[in-house]
Amino acid sequence: MRFVTIVQASAFVPVWLRVLLLMAAGAKVWGAGIYSGCYFGSKDVTMGLGTFVNRGVLFDGTAPITLGRQVAVGHRVQFVTSTHEIGPSSGRGGRVVDRPIVIGDGCWIGAGAIILPGVTVGEGCVVGAGAVVTRDCEPNGLYAGSPARRVRDLDSAPSVR
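In C-alpha coordinates form, the structure reads like this:
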(Lines of atoms letter the chains of each structure in order from A and count residues from 1; the text may use other names and numbers.)
(Lines give C-alpha, C1' and ligand atoms only; values in the text may rest on other atoms or scores of the structure.)
Protein backbone atom coordinates (compact mmCIF):
# COMPACT_ATOMS: atom_id res chain seq x y z
CA MET A 1 0.00 0.00 0.00
CA ARG A 2 2.89 2.39 0.73
CA PHE A 3 4.08 2.41 -2.90
CA VAL A 4 0.54 2.99 -4.16
CA THR A 5 0.05 5.83 -1.67
CA ILE A 6 3.22 7.56 -2.86
CA VAL A 7 2.43 7.17 -6.56
CA GLN A 8 -1.28 8.03 -6.38
CA ALA A 9 -0.58 11.19 -4.37
CA SER A 10 1.36 12.74 -7.25
CA ALA A 11 -0.16 15.72 -9.04
CA PHE A 12 0.99 14.08 -12.28
CA VAL A 13 -1.41 11.15 -11.83
CA PRO A 14 -4.87 11.82 -13.32
CA VAL A 15 -7.92 11.31 -11.09
CA TRP A 16 -9.14 8.21 -12.98
CA LEU A 17 -5.73 6.50 -12.64
CA ARG A 18 -5.51 7.43 -8.95
CA VAL A 19 -8.83 5.67 -8.34
CA LEU A 20 -7.68 2.59 -10.27
CA LEU A 21 -4.40 2.42 -8.32
CA LEU A 22 -6.23 2.63 -5.00
CA MET A 23 -8.70 -0.03 -6.12
CA ALA A 24 -5.83 -2.30 -7.19
CA ALA A 25 -4.46 -1.95 -3.65
CA GLY A 26 -7.83 -2.99 -2.19
CA ALA A 27 -9.62 0.29 -1.44
CA LYS A 28 -13.30 0.43 -2.45
CA VAL A 29 -13.37 3.82 -4.17
CA TRP A 30 -15.01 3.21 -7.58
CA GLY A 31 -16.95 6.26 -8.74
CA ALA A 32 -15.17 8.70 -6.41
CA GLY A 33 -13.00 11.64 -7.44
CA ILE A 34 -9.79 11.77 -5.42
CA TYR A 35 -7.33 14.59 -6.02
CA SER A 36 -3.58 14.74 -5.46
CA GLY A 37 -1.68 14.82 -2.19
CA CYS A 38 -3.98 12.45 -0.29
CA TYR A 39 -2.45 9.95 2.11
CA PHE A 40 -4.01 6.51 2.65
CA GLY A 41 -2.71 4.62 5.70
CA SER A 42 -4.44 1.42 4.62
CA LYS A 43 -6.70 -0.10 1.99
CA ASP A 44 -9.64 -0.21 4.44
CA VAL A 45 -11.31 2.85 2.89
CA THR A 46 -14.72 2.80 1.19
CA MET A 47 -16.24 5.68 -0.78
CA GLY A 48 -19.66 5.86 -2.36
CA LEU A 49 -20.53 6.89 -5.88
CA GLY A 50 -20.07 10.59 -6.56
CA THR A 51 -17.87 11.28 -3.54
CA PHE A 52 -15.28 14.03 -4.04
CA VAL A 53 -12.04 14.23 -2.05
CA ASN A 54 -9.98 17.40 -2.45
CA ARG A 55 -6.22 17.76 -2.12
CA GLY A 56 -4.11 16.80 0.89
CA VAL A 57 -6.64 14.67 2.77
CA LEU A 58 -5.34 12.21 5.40
CA PHE A 59 -6.98 8.80 5.77
CA ASP A 60 -5.22 7.44 8.89
CA GLY A 61 -6.53 3.96 8.21
CA THR A 62 -5.81 2.02 11.39
CA ALA A 63 -9.56 1.21 11.40
CA PRO A 64 -12.13 1.28 8.57
CA ILE A 65 -13.14 4.64 7.06
CA THR A 66 -16.44 4.75 5.17
CA LEU A 67 -17.67 7.74 3.17
CA GLY A 68 -21.18 7.46 1.73
CA ARG A 69 -22.46 8.62 -1.65
CA GLN A 70 -22.13 12.23 -2.79
CA VAL A 71 -19.82 13.23 0.09
CA ALA A 72 -17.70 16.35 -0.48
CA VAL A 73 -14.40 16.47 1.43
CA GLY A 74 -12.46 19.76 1.52
CA HIS A 75 -8.72 20.41 1.41
CA ARG A 76 -6.57 18.93 4.17
CA VAL A 77 -9.34 17.15 6.09
CA GLN A 78 -8.02 14.51 8.51
CA PHE A 79 -9.79 11.22 9.21
CA VAL A 80 -7.98 9.98 12.33
CA THR A 81 -8.94 6.44 13.38
CA SER A 82 -6.44 5.80 16.18
CA THR A 83 -6.09 7.20 19.66
CA HIS A 84 -4.58 6.14 22.98
CA GLU A 85 -6.04 5.26 26.32
CA ILE A 86 -4.77 7.58 29.04
CA GLY A 87 -1.82 5.86 30.67
CA PRO A 88 -0.10 6.36 34.02
CA SER A 89 1.80 9.54 34.87
CA SER A 90 5.01 7.93 33.60
CA GLY A 91 3.55 7.76 30.07
CA ARG A 92 0.10 9.23 29.39
CA GLY A 93 -0.05 7.86 25.82
CA GLY A 94 -1.22 4.40 26.83
CA ARG A 95 -2.52 1.47 24.77
CA VAL A 96 -3.47 2.27 21.16
CA VAL A 97 -7.18 2.06 20.38
CA ASP A 98 -8.48 1.95 16.78
CA ARG A 99 -12.06 3.01 16.00
CA PRO A 100 -13.82 3.30 12.63
CA ILE A 101 -15.19 6.50 11.08
CA VAL A 102 -18.44 6.65 9.08
CA ILE A 103 -19.57 9.65 7.03
CA GLY A 104 -23.18 9.46 5.80
CA ASP A 105 -24.52 10.14 2.31
CA GLY A 106 -24.60 13.73 1.12
CA CYS A 107 -22.29 15.22 3.76
CA TRP A 108 -19.90 18.10 3.20
CA ILE A 109 -16.74 18.11 5.33
CA GLY A 110 -15.15 21.57 5.23
CA ALA A 111 -11.46 22.28 4.67
CA GLY A 112 -9.15 21.46 7.55
CA ALA A 113 -11.76 19.63 9.61
CA ILE A 114 -10.57 16.79 11.82
CA ILE A 115 -12.80 13.75 12.31
CA LEU A 116 -11.64 11.77 15.35
CA PRO A 117 -11.82 8.01 16.06
CA GLY A 118 -15.20 6.32 16.40
CA VAL A 119 -17.22 9.23 14.99
CA THR A 120 -20.28 8.78 12.77
CA VAL A 121 -21.44 11.85 10.86
CA GLY A 122 -25.11 11.39 9.95
CA GLU A 123 -26.36 11.87 6.40
CA GLY A 124 -26.85 15.37 5.09
CA CYS A 125 -24.52 17.06 7.60
CA VAL A 126 -22.15 19.94 6.99
CA VAL A 127 -19.00 20.03 9.10
CA GLY A 128 -17.53 23.54 9.06
CA ALA A 129 -13.97 24.34 8.05
CA GLY A 130 -11.51 23.69 10.86
CA ALA A 131 -14.03 21.88 13.07
CA VAL A 132 -12.80 19.12 15.37
CA VAL A 133 -15.46 16.40 15.49
CA THR A 134 -15.14 14.42 18.72
CA ARG A 135 -18.68 12.95 18.89
CA ASP A 136 -21.33 11.58 16.54
CA CYS A 137 -23.27 14.12 14.49
CA GLU A 138 -27.03 13.64 14.07
CA PRO A 139 -28.31 13.83 10.46
CA ASN A 140 -28.98 17.12 8.66
CA GLY A 141 -27.11 19.47 10.94
CA LEU A 142 -24.45 22.11 10.58
CA TYR A 143 -21.58 21.37 12.97
CA ALA A 144 -18.78 23.83 13.70
CA GLY A 145 -16.15 24.66 16.28
CA SER A 146 -13.62 22.86 18.44
CA PRO A 147 -15.04 20.63 19.71
CA ALA A 148 -17.70 20.65 17.01
CA ARG A 149 -21.27 21.26 18.09
CA ARG A 150 -24.55 21.48 16.23
CA VAL A 151 -25.02 25.11 15.21
CA ARG A 152 -28.31 24.69 13.36
CA ASP A 153 -30.65 22.25 11.68
CA LEU A 154 -30.53 21.84 7.90
CA ASP A 155 -33.38 21.06 5.52
CA SER A 156 -33.77 17.32 5.04
CA ALA A 157 -35.76 17.48 1.78
CA PRO A 158 -33.92 16.14 -1.28
CA SER A 159 -33.14 18.69 -3.98
CA VAL A 160 -35.09 18.66 -7.23
CA ARG A 161 -32.93 18.22 -10.31
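Take 253 as the starting number for the sequence shown in our numbering and just add one per residue. We put the beta carbon where it would ideally sit given N, CA and C, even for glycine.
Legend entry - Below-8 Å beta-carbon distance, residue 372 vs any chain B residue: The question asks about chain B, but that chain is absent: this structure has only one protein chain.
Inset, instruction - With a 10 Å radius around its C-beta and 16 neighbouring C-beta atoms as the bar for buried, classify residue 348 as buried or exposed. - result: Counting other Cβ atoms within 10 Å of its Cβ, residue 348 stays below 16 and is therefore classed as exposed.
Inset, instruction - Report yes or no: do three or more beta-carbon pairs, one from the stretch 297 to 304 and one from the stretch 333 to 347, lie closer than 8 Å? - result: No, because fewer than three Cβ pairs between the stretch 297 to 304 and the stretch 333 to 347 fall closer than 8 Å, the two stretches do not touch.
Inset, instruction - Determine the burial state of residue 258: buried for a count of at least 16 other Cβ atoms within 10 Å of its Cβ, exposed for fewer. - result: exposed
Inset, instruction - Take residue 260 as the anchor and find which of 289, 295 and 283 has the nearest alpha-carbon. - result: The closest CA to that of residue 260, considering only 289, 295 and 283, is found on 289.
Legend entry - Range covered by the beta strand (DSSP E) that runs through residue 396: 393 to 396
Legend entry - Bridge partner(s) assigned by DSSP for residue 389: 373
Inset, instruction - Measure the alpha-carbon distance for residue 380 versus residue 357 and round it to whole angstroms. - result: Those two C-alpha atoms are separated by around 17 Å.
Inset, instruction - Answer with buried or exposed for residue 393, where buried requires no fewer than 16 other C-beta atoms within 10 angstroms of its C-beta. - result: buried
Inset, instruction - Please name the residue in 385, 404 and 409 whose C-alpha comes closest to that of residue 398. - result: 385
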